[in-house]
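Engineer:
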Amino acid sequence: MCPGLCSPIFLFLVWGAHWGLITAESPVTAQFGGDVTLSCLFLSQPGMNIQRLTVTWQKERAGAEALVVHSHYYGKDQLGRQDEGYRNRTQLDPEALAQGNASLTLRGVRTQDEGVYRCHVTSELGTTSEMSTLQ
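Per mature numbering (1 follows the signal peptide of the UniProt record, and there is no 0): the sequence shown = residues -24 to -1, 1 to 111.
#1: Quick check on TYR62: does DSSP put it in helix, strand or coil?
#2: To the nearest angstrom, how far is it from the Cα of GLY84 to the Cα of ARG63?
#3: Classify ASN27 as helix, strand or coil using the three-state DSSP reduction.
#4: Which residues mark the beginning and the end of the alpha helix (DSSP H) in which ALA72 is found?
#5: Judging by CA-CA distance, which residue of GLU41, GLN88 and GLY102 is the nearest neighbour of GLN7?
#6: With 16 as the cutoff for other CB atoms within 10 Å, does GLN111 come out buried or exposed?
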């Protein structure tokens, strides 16, 4: 009926390219008061319009709405909804965004930073979500 097009590998690649993948990283260990980088990689290509890129980092909370840790869209950081506990402590590398890297640097790690973080990226190539556990 659809030779080659219905194979599991083809369907997975199409799903991954258009609908995104959710992956979980190994736990990240941080020193109290130090800096840590939470990894978030997404599909990119040369000449991709990063002005249309949306990056949101959130900290998951059991039984409550996730905290906004960092947001970036329209080509710049959008921190109006950032949780107060993360103000002036987060950073994305704008040059790395063009290379498919939305990793977040968190400065001055506190004990209350421990937990699960989700990076959600939407671009012209699709959507990706990655989770990182900070210990």
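Beta carbons are placed, not taken as given, at the ideal position from N, Cα and C, and that holds for glycine.
Structural biologist: This is what the structure holds:
#1: Look at TYR62 here: in three-state DSSP terms it is helix.
#2: Inter-residue distance for GLY84 and ARG63 is about 11 Å (C-alpha atoms, whole angstroms).
#3: Note that residue 27 is Gln in the sequence shown here, rather than Asn. DSSP places GLN27 in helix when its eight states are reduced to three.
#4: Counting along the chain, the alpha helix (DSSP H) containing ALA72 begins and ends at 70 to 73.
#5: Looking at the Cα atoms, GLN88 is the closest of the given residues.
#6: Exposed, since its Cβ has fewer than 16 Cβ neighbours within 10 Å.
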